[in-house]
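Using my numbering, you'd call the opening residue of the sequence shown number 724 and step up by one each time. In this text, a Cβ means the ideal position worked out from N, Cα and C, and glycines have one as well. Quick caveat, the model's predicted, so the values are computed rather than measured. Below is one structure, written out as structure tokens; the observations come after it.
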Amino acid sequence: MPTARLPLILALVAGLGAAGAAAASSAADVAAQVRAATGSPTRMAWVRDGVKLVLFDTEDRRGEREIPFRFRINRPVITPTSGDRVVFIVFEQWATWIVNWDGTNPRKLVDGRVTCIRLDEKGVEWMYWQDRDNVFHTAPLDRPAESSIVWKLPVKPREGKTENFQVSADGRFAASNIPWPAVGVGELPQQAGRPFKVIGQGCWPQMARDNSYRCMHCTDGSHTQVQIYDIRTNRSWRLPIGPNGRGGAECPRWANDPRFIIITDRPAKRTRVYLARFNDDFTKLVQWITISSVGANSEAEIWIRSAARYPGSAADEVKIAQTPQETAGQKRPDPQQPPDARWPGVTDGLLYLWEKTGAPNQYRLPDGRLSEPCTAELHGQARPSYFSAIDTTGGRLEAEGIEQQLLDATRASGLTLEMAIVPRDASAKGIVAIIGTTPDDANLLLMQENGRLLAEVLVKLLSENGAAILDFIEDARPEDAGLAAAYHVLDVDLGAVAETFLGPGDWRPRRTAIKERWKAAGWADSAASGEHAS
């Protein structure tokens, strides 16, 4: 393939005064600590200030070496056989480059973002990369033209995100965002009826680089904990990961020796790089070594020479179980505890309550017992997002299992709909759907039209099916409520509507969906999201 050149700036620093001597001593101390912890020559690489590749070798007595580039770079990966090259992503180009350990011969390697490299039992280095369509490929490191597809995600990368696709040493299992923020594990290559299994939500998924089939990811917005999931035993557990009380972690990266991880912390400036060691059962990090505190560091990588070999094969009978088992440290809602009484407060006549992902989504029945958990399905491009909410852009959240119950109750007593609506654009032109029963002959729709709320029901008028507009809220202008907005209340008595139009009597069982696009009507995506009770 033609060789392309990435502009490289060589930096030479002259003069070793007292400060230089102190830095050299500090580098020597770091090298000695790392060498003692790993028991082997060790190389580390990370990104500084977004444009510099930093290299550190415990054996060369040179400390940190910076290789500055004129492009934004990220996610360096040290080649596993001998650690003599570093692969990194050039973000804006959607491309991956490679450079020798001594900083020479930087060049483009492949179109796409390489997220991991594994060494197989024959000594071949296999790289895995993501393309612009969220398709993942693999090929020998030095023969990218010999590529094959291992997985296709159903949606394109949102906001240009790089999904952190990681594989086991044998290439059999992968952990990845599928896409972010959902984290899952899958068996490669992709096959019909064998999808990625969701094991949590979070960032920076990792697969141990041996064949232990352990996965890891940051679990919350502050990145103060990681969840580890063991495919072999179907167990998962959490442990704190914030180094030295400085907040959470970024990109906790498993070393090729799985006893170790390398991470950065989260302050905006002077982000530190740390090496940490697990205890024997991977339930605690028992040793921390500060590698660097110079500049804004990110996305560190580590290579340990003693682990630079194929680790051996695992048992063939290992399979991905359907439901993970929680263990110590994994907090789940207690189904025996009553639901939060703050919302919706009154549960008389309630048929369905879905608050957020991770919540019990139960309510009190008239006899005092808890209801069964209310469930919902994601369709289209809808997916979990921040703060346990659902991002319904390009899709919908659809209530499960209440179609007939809701219809029977509506026919008997009418229906009350309560929603907290946060519009994306309160003055959007045209009609956008907020909630309703799914197409094409929807029973009930709640919509936004040119900044107003509009309710519509399916009724029978003069023996002809049609949709009757119940009410416009002329002054339904969002009121200032900080970051959110509030509409004036719309109260519709469908019982009265039934008497007048015989509407609900002609309704058919339909699933209720938040933010559905009705293509037949040519509507745009909804501009609102919210929680609801029926």
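Give me the residue from Gln-1104, Ile-985 and Gln-1085 with the minimum Cα distance to Cys-1097.
Numbered from 1 along the sequence shown, position 374 holds the residue referred to as residue 1097. Checking every option, the nearest Cα to that of Cys-1097 belongs to Gln-1085.
Does the structure place the region 879-896 close enough to the region 853-867 that three or more beta carbon pairs sit under 8 Å?
yes
Quick one: what's got a C-beta closer than 7 Å to Gly-923's C-beta in the same chain, skipping five residues either side?
One-based indexing of the sequence shown puts residue 923 at position 200. So the list reads Val-906, His-940, Thr-942 and Gln-950, once near-sequence residues are dropped.
Looking only at C-alpha atoms, which of Lys-920, Val-833 and Pro-877 sits nearest to Ala-897?
Your numbering for residue 897 matches position 174 in the sequence shown. Nearest option by C-alpha distance: Lys-920.
For a test of the three-state rule: what should DSSP assign to Asp-1114, helix, strand or coil?
Position 391 of the sequence shown, counted from the start, is the residue given in the question as residue 1114. Three-state DSSP puts Asp-1114 in a strand.
Tell me, please, which residues DSSP counts as bridged to Trp-849.
Sequence index remark: in the sequence shown, residue 849 carries index 126 (1-based). Looking at the DSSP assignment, Trp-849 forms a beta bridge with Arg-841 and Pro-863.
Counting only the same chain and skipping the five closest in sequence on each side, list residues whose C-beta sits under 8 Å from that of Ala-892.
By 1-based counting over the sequence shown, the position of residue 892 is 169. Only Arg-841, Leu-842, Asp-843, Arg-932, Asp-933, Asn-934, Tyr-1033 and Pro-1034 meet the Cβ criterion.
Comparing alpha-carbon positions, which option in Thr-1013, Val-837 and Ile-984 lies nearest Phe-1005?
Taking the first residue of the sequence shown as 1, we reach residue 1005 at position 282. Nearest option by C-alpha distance: Ile-984.
What are the boundary residues of the beta strand (DSSP E) that includes Ser-959?
Along the sequence shown, one-based indexing puts residue 959 at 236. Start and end: 958-963.
What residue range does the alpha helix (DSSP H) around Val-753 cover?
As a working mapping, residue 753 is identified with position 30 in the sequence shown. Counting along the chain, the alpha helix (DSSP H) containing Val-753 begins and ends at 741-761.
Consult DSSP for Glu-782 and reduce its assignment to one of helix, strand or coil.
Residue numbering aside, residue 782 sits at position 59 when the sequence shown is read from its first letter. Glu-782: coil per DSSP, three-state reduction.
Report the start-end ranges of each beta strand (DSSP E) in the region 848-936 that is 3 residues or longer and not cut off at the edges.
Those beta strand (DSSP E) runs which fall completely within the region 848-936 and span 3+ residues are 848-853, 858-863, 871-875, 896-900, 905-910, 920-924 and 926-930.
Provide the residue(s) that pair with Tyr-952 in DSSP beta bridges, ordered along the chain.
Position 229 of the sequence shown holds residue 952. Bridge partners of Tyr-952: Cys-938 and Ser-959.
Look up Asn-1020 in the DSSP assignment and give the residues it is bridged to.
As a first step, residue 1020 is located in the sequence shown; it is residue number 297 there, counting from the start. Its beta-bridge partners are Arg-771.
Using DSSP bridges, identify the partner residues of Asp-834.
What you label residue 834 is simply residue 111 of the sequence shown in a count that begins at 1. DSSP links Asp-834 through a beta bridge to Ala-818.
On the CB-based measure, 16 or more other CB atoms within 10 Å of its CB, does Asn-1188 come out buried or exposed?
Along the sequence shown, one-based indexing puts residue 1188 at 465. Confidence in Asn-1188 is poor, its pLDDT being 45 and thus under 50, which makes the residue's placement too unreliable to answer from.
Between which two residues does the beta strand (DSSP E) holding Cys-974 run?
Against the sequence shown, residue 974 aligns to sequence position 251. Counting along the chain, the beta strand (DSSP E) containing Cys-974 begins and ends at 972-977.
Return the residue from the list Glu-1022, Pro-966 and His-946 that minimises the CA-CA distance to Leu-778.
Numbered from 1 along the sequence shown, position 55 holds the residue referred to as residue 778. Nearest of Glu-1022, Pro-966 and His-946 to Leu-778, Cα basis: Glu-1022.
Looking only at its chain, what residues have a beta carbon closer than 6 Å to the beta carbon of Gly-826, apart from the 5 residues adjacent to it on each side?
Residue 826 sits at position 103 when you count from the first residue of the sequence shown. If we look at Gly-826 and ignore the five residues flanking it on each side, its Cβ neighbours are Ile-790.
Closest by CA to Arg-976, which one among Arg-961, Glu-1126, Val-996 and Leu-864?
Stepping through the sequence shown from its first residue, residue 976 is reached at position 253. With distances taken between Cα atoms, Arg-976 lies closest to Val-996.
Thinking C-alpha only, which one of Ala-862, Arg-881, Arg-866 and Val-878 is nearest Ile-872?
Stepping through the sequence shown from its first residue, residue 872 is reached at position 149. It is Ala-862 whose Cα lies nearest to the Cα of Ile-872.
Rounded to whole angstroms, what's the CA-CA distance from Trp-874 to Gly-894? Just pull it up for me.
Translated into the one-based positions of the sequence shown, residue 874 becomes position 151. Translated into the one-based positions of the sequence shown, residue 894 becomes position 171. Note on geometry: alpha-carbon atoms of Trp-874 and Gly-894 lie some 12 Å from one another.
So Ile-1012 packs on Ala-760, CB below 8 Å; how close in whole Å?
The residue given as residue 1012 occupies position 289 in the sequence shown. The residue given as residue 760 occupies position 37 in the sequence shown. That pair is a contact at about 6 Å.
For Asn-1020, is the classification buried or exposed, using 16 other Cβ atoms within 10 angstroms of its Cβ as the cut-off for buried?
In the sequence shown, counting from the first residue as 1, residue 1020 sits at position 297. Flag for Asn-1020 reads buried.
Measuring alpha carbon to alpha carbon, tell me which of Arg-798, Pro-829 and Ala-868 ends up nearest Arg-837.
On the sequence shown, position 114 is the one that residue 837 refers to. One detail in the question is off: residue 837 reads as Val in this sequence, not Arg. Here the closest residue by C-alpha is Arg-798.
If distances are taken between C-alpha atoms only, which option among Lys-845, Val-1017, Ala-1135 and Ile-821 comes closest to Arg-808?
By 1-based counting over the sequence shown, the position of residue 808 is 85. Nearest C-alpha to Arg-808: Ile-821.
Between the Cα of Thr-781 and the Cα atoms of Ile-796, Lys-775, Gly-806 and Val-770, which residue gives the shortest distance?
Mapped onto the sequence shown, residue 781 falls at position 58. Measuring from the Cα of Thr-781, the nearest candidate turns out to be Gly-806.
Just to confirm, are Trp-1077 and Ala-1105 a CB contact at a threshold of 9 Å?
Within the sequence shown, the letter at position 354 stands for residue 1077. Within the sequence shown, the letter at position 382 stands for residue 1105. In this structure, Trp-1077 lies away from Ala-1105, with their beta-carbon atoms at least 9 Å apart.
From the DSSP output, which residues share a beta bridge with Gln-1010?
Position 287 of the sequence shown, counted from the first residue, corresponds to residue 1010. Beta-bridge annotation (DSSP): Gln-1010 is paired with Arg-1000.
With burial defined as no fewer than 16 other Cβ atoms inside 10 Å of the residue's Cβ, what is the status of Ala-1135: buried or exposed?
One-based indexing of the sequence shown puts residue 1135 at position 412. Its Cβ having fewer than 16 others within 10 Å, Ala-1135 is exposed.
Which partner residues of Asn-797 appear in the DSSP bridge assignment?
One-based indexing of the sequence shown puts residue 797 at position 74. For Asn-797, which the question treats as bridged, DSSP gives the partners Ile-812.
Could you spell out the range, first to last residue, of the beta strand (DSSP E) harbouring Thr-987?
For the purposes of this step, residue 987 is taken as the residue at position 264 of the sequence shown. Where Thr-987 is concerned, the enclosing beta strand (DSSP E) stretches over 983-988.
Just verifying my parser: in three-state terms, what is the DSSP assignment at Arg-788?
Counting from 1 along the sequence shown, the entry for residue 788 is found at position 65. Strand at Arg-788.
To which residues of the same chain is Pro-867 closer than 7 Å at the C-beta, ignoring the five residues directly before and after it?
Within the sequence shown, numbered from 1, the residue matching residue 867 stands at position 144. Within the same chain, Pro-867 has close Cβ partners Leu-832 and Val-833.
Look at the Cβ atom of Ile-812, then the Cβ atom of Glu-1024, and state whether they are nearer than 9 Å.
Counting from one through the sequence shown, the residue named residue 812 turns up at place 89. Counting from one through the sequence shown, the residue named residue 1024 turns up at place 301. No, Cβ-Cβ distance for Ile-812 and Glu-1024 is not below 9 Å.
Measure the alpha-carbon distance for Glu-1123 versus Ser-1094 and round it to whole angstroms.
In the sequence shown, counting from the first residue as 1, residue 1123 sits at position 400. In the sequence shown, counting from the first residue as 1, residue 1094 sits at position 371. Approximately 14 Å, taken between the alpha carbons.
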